[in-house]
Amino acid sequence: MFASVSGLQVSVQTEDLVEGGQNGYARKLPGRMEWPNIVLSRGLIQSDNLFDWFSKTSGEGFAAAGNKLKRCTGAITAIGSDGSRMRSWNLTGCFPVRWKGPDFNVTSSDAISEELEIAHEGFRSSTQA
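In this text, residue positions in the sequence shown follow our numbering: the first is 735, and each later residue adds one.
Shown next as structure tokens:
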């Protein structure tokens, strides 16, 4: 479970179509969809699974897999205060692009945490229980 998730958004690029003889405006047309990376953050736990997954996408881990990127699917699910599922966003084509470990500062009372940033190819929203 993650304490925070950011970057769950999508936008559509637009392209201008300039028509001959029409100088007052350019017609806007929808273009490609843009899916920003998603950042997952949680308190540090006794598991290396996030770092291990990240390690498989670059360097020696990537080479050990025959230089083949394994994309995954995943879901981000919002849970209500009563524990019921409110909504899910099902992601496709996911792979980690950044892992950030904890900052250590003896003068801070903040809990130590880790972050994982993932790239993806899009998501669908679902309210099905």
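Idealized CB from N, CA, C, for every residue including glycine.
Coil, strand or helix - residue i by DSSP
| i | result |
| --- | --- |
| N783 | helix |
| F829 | strand |
| M767 | strand |
| V737 | Sequence inspection shows Ala at residue 737; the Val mentioned does not correspond to that position. It is coil, neither helix nor strand. |
| E855 | coil |
| L850 | strand |
| L742 | coil |
| V773 | strand |
| L778 | coil |
| Q747 | strand |
Cβ-based burial, residue i [other Cβ within 10 Å; buried from 16]
| i | result |
| --- | --- |
| E768 | exposed |
| L825 | buried |
| E848 | buried |
| P830 | buried |
| L784 | buried |
| F838 | exposed |
Contact under 9 Å by Cβ, residue i with residue j
| i | j | result |
| --- | --- | --- |
| R821 | E855 | no |
| W823 | T807 | no |
| M744 | G765 | Residue 744 is actually Val in this sequence, not Met. No, the pair does not count as a contact, with Cβ atoms beyond the cut-off. |
| A845 | G827 | no |
| G728 | N771 | Past the edges of the chain, shown from 735 to 863, lies residue 728, and the structure says nothing about it. |
Quiz item: Three or more C-beta pairs closer than 8 Å, one from the segment 786-800 and one from the segment 748-762: is that the case here?
Solution: no
Practice problem: Determine, using beta-carbon pairs with one atom in the segment 849-858 and one in the segment 770-785, whether at least three such pairs fall under 8 Å. | Solution: yes
Exercise. Go through the segment 789-847 residue by residue and report every complete run of the alpha helix (DSSP H) that reaches 4 residues or more, in order.
Key: 793-798
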